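If you're matching positions, the sequence shown starts at 1 in full-length UniProt numbering and goes up one per residue. We treat Cβ as the ideally placed atom computed from N, Cα and C, and that holds for glycine. Predicted model only: the values in this text are computed from it and were never measured.
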Amino acid sequence: MIRPLGAKFITSSPSIKEAPSFVTSEVVFLGRSNVGKSSLINTLVNQKNLAKSSSTPGKTQLINFFEAEFCEQKDEQEEKDRFKLILVDLPGFGYAKVAKSKHDEWRKNLDEFLKFRSDIRLFIHLIDARHFDLDIDVNVDAYLKSFLRADQKILNLYTKSDKLNQSQKSAVMKFDPSGILVSTLNKSGIEKAREAIINNALGR
Numbered sequence: 001m002i003r004p005l006g007a008k009f010i011t012s013s014p015s016i017k018e019a020p021s022f023v024t025s026e027v028v029f030l031g032r033s034n035v036g037k038s039s040l041i042n043t044l045v046n047q048k049n050l051a052k053s054s055s056t057p058g059k060t061q062l063i064n065f066f067e068a069e070f071c072e073q074k075d076e077q078e079e080k081d082r083f084k085l086i087l088v089d090l091p092g093f094g095y096a097k098v099a100k101s102k103h104d105e106w107r108k109n110l111d112e113f114l115k116f117r118s119d120i121r122l123f124i125h126l127i128d129a130r131h132f133d134l135d136i137d138v139n140v141d142a143y144l145k146s147f148l149r150a151d152q153k154i155l156n157l158y159t160k161s162d163k164l165n166q167s168q169k170s171a172v173m174k175f176d177p178s179g180i181l182v183s184t185l186n187k188s189g190i191e192k193a194r195e196a197i198i199n200n201a202l203g204r
């Protein structure tokens, strides 16, 4: 199993030009506003208030960097390997109460970051499991695939799965068999998500 050992906030940046460089693989979290991005990051690293969410959709437009450490262990006594990753929390896309010029600037900054940030190894696309086939999410998936490098992967995590019944969960998995249903409320799918993140980010 993968166990979180700790995490800390490093810095925030408005664009790739101001973003620091790391020697560690980066995992990018992106998704629509209010999809539960901050809650999921906090749950994955087992900290309550590491990533903070905004009550206003689209208000927070900085790229936030966190350093997280995990270990892989077979049982409670044996600790096998330790891994460090940089978790990158992107601003939620979608609705935002800003002028079009500012919105275009944000889009340009995020586009440059996603396409040209060399240390990104994994894109985690968070999708609300209750609305799993919205055009905006289908388009984001196609957008990521349009510039995906050979050393990069995409992982779709379907949030708020605790609000679905079994037939609704089956519909999501039929739509995307490689996706993972997760819930920060009852913690279902979290361990599976951690393992997938480590394996994909480290190219295992």
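How many Å lie between residue i and residue j at the Cα?
{"i": "residue 139", "j": "residue 123", "result": "15 Å"}
{"i": "residue 116", "j": "residue 78", "result": "39 Å"}
{"i": "residue 205", "j": "residue 5", "result": "Examination of residue 205 is not possible in this model, given that the chain is present from 1 through 204 alone."}
{"i": "residue 157", "j": "residue 107", "result": "23 Å"}
{"i": "residue 59", "j": "residue 9", "result": "Residue confidence is low: residue 59 scores 47 on pLDDT, short of 50, so the model does not pin down where it sits. No coordinate-derived value is stated."}
For residue i, count the other beta carbons within 10 Å of its own beta carbon; 16 or more makes it buried, fewer makes it exposed. Which is it?
{"i": "residue 166", "result": "exposed"}
{"i": "residue 121", "result": "buried"}
{"i": "residue 43", "result": "buried"}
I'd like the span of the alpha helix (DSSP H) that includes residue i, first residue to last.
{"i": "residue 188", "result": "No alpha helix (DSSP H) contains residue 188, which DSSP labels as neither H nor E."}
{"i": "residue 171", "result": "166 to 175"}
Which residues in the same chain as residue i place their Cβ atom closer than 7 Å to its Cβ, once the five residues preceding and following it in sequence are excluded?
{"i": "residue 47", "result": "7"}
{"i": "residue 160", "result": "36, 128, 129, 130 and 183"}
How far does the beta strand (DSSP E) with residue i in it reach, from first residue to last?
{"i": "residue 153", "result": "153 to 159"}
{"i": "residue 129", "result": "No beta strand (DSSP E) contains residue 129, which DSSP labels as neither H nor E."}
{"i": "residue 12", "result": "2 to 13"}
Residues in its own chain within less than 6 Å of residue i by CB, not counting five upstream and five downstream?
{"i": "residue 137", "result": "127"}
{"i": "residue 176", "result": "156"}
Please confirm if residue i has its CB atom under 8 Å from at least one CB of chain C.
{"i": "residue 46", "result": "The displayed structure is made up of one protein chain only, and chain C is not part of it."}
Of all the options the options, which has the alpha carbon lying nearest to the alpha carbon of residue i?
{"i": "residue 86", "options": "149, 67 and 92", "result": "67"}
{"i": "residue 90", "options": "21, 64 and 143", "result": "64"}
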